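In the UniProt record's numbering, the protein residues as written are 1 to 275. Note that the Cβ used here is the ideal one computed from N, Cα and C, for glycine as well. Quick caveat, the model's predicted, so the values are computed rather than measured. Below is one structure, written out as structure tokens; comments come after it.
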């Protein structure tokens, strides 16, 4: 974070934004190596600190993000937030005495031939895997169809971003998959395979298979509206915006959200003049 000489000024947020912190890149690379080691061995790093300034969290954030860890910052050890957070971390699950946290998990997505996987948003790390279902456009942690979670519980949630192969265009100009045929068209399939070490010591595998019908962007698009979950969409957009703010330079979150909302409203909205 800072050199040993007291004459050296401690870095600030402006220094990080201007890439003027002399130790930042080197420290970040060091902790990236530690993060890879933690992921390889299936360990989770939880970060508790009682100092609100210059603790090096920016440098070691990959250690927490890629392993699904927890970050708690407070000013003193007696802070109620710090104490309660520490208690909840070691809270027992029911009467069996376990912590309720599974470990060393992998999540794999197997889609239909007309669907590709762009990436995943969540506390995951990429598992190198060659597949024809990997999309060229990466969103979140992409370049694969399988991810590793060092720790997960009943509240762990992931967002998998999918891309429809645009082999043709419908009347509205939207992409239609090769197997698409409107409301009466064939089905698409998605399979999620989750393997993990249960807190009881058992190795478990859970397979979830989903099926949906292809719909065109025209009249059949109303089916998409009826199944639209506003709360899920809001959470996903907030995750995606946060990811873009952390990984893209000069990203304007407000403008990006405005454009996304305009596209959504113009595509699925029902406009009534003077209403």
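query                                                                                                   : result
Three-state class that DSSP yields for residue 258 in the structure shown                               : helix
Sequence-distant residues of its chain with Cβ nearer than 7 Å to residue 126 (five each side left out) : 141, 143, 144, 147
Nearest-angstrom Cα separation, counted from residue 117 out to residue 266                             : 26 Å
Inter-residue Cα distance where the pair is residue 179 and residue 112                                 : Its pLDDT being 49, under 50, residue 179 is placed unreliably by the model, and the measurement read from it follows with that caveat. Between residue 179 and residue 112, the C-alpha separation is close to 10 Å.
Same chain, Cβ closer than 7 Å to residue 45, neighbours up to 5 away in sequence not counted           : 38, 63, 64, 67, 69
Residue 59 burial status per 10 Å Cβ neighbour count (16 or more: buried)                               : buried
DSSP bridge partner residues for residue 226 (one or two, in chain order)                               : Residue 226 pairs with nothing; no bridge assigned.
Coil, strand or helix - residue 233 by DSSP                                                             : helix
Segment contact, 8 Å Cβ cut-off, at least three pairs: the region 150-167 with the region 74-86         : no
Residue 51, DSSP secondary structure in three states                                                    : coil
Strand pairing of residue 147, partner residues [DSSP]                                                  : 107, 126
The alpha helix (DSSP H) enclosing residue 16, as first and last residue numbers                        : 13-17
Residue of 124, 10, 87, 90 minimising C-alpha distance to residue 36                                    : 124
CB-CB length for residue 159 against residue 236, believed under 8 Å                                    : 5 Å
Pair within 7 Å by beta-carbon distance, residue 121 and residue 263                                    : no
Cβ pair residue 276, residue 8 closer than 7 Å                                                          : Only positions 1 to 275 of the chain appear in the structure, and residue 276 is not among them; the question remains open.
Contacting residues, own chain, Cβ-Cβ under 6 Å from residue 13 (five flanking each side not counted)   : none
Where residue 89 sits in the DSSP three-state scheme                                                    : helix
Given residue 205 as reference, the closest of 33, 105, 226 once Cα atoms are compared                  : 105
Buried or exposed (CB count within 10 angstroms, at least 16 for buried), residue 114                   : buried
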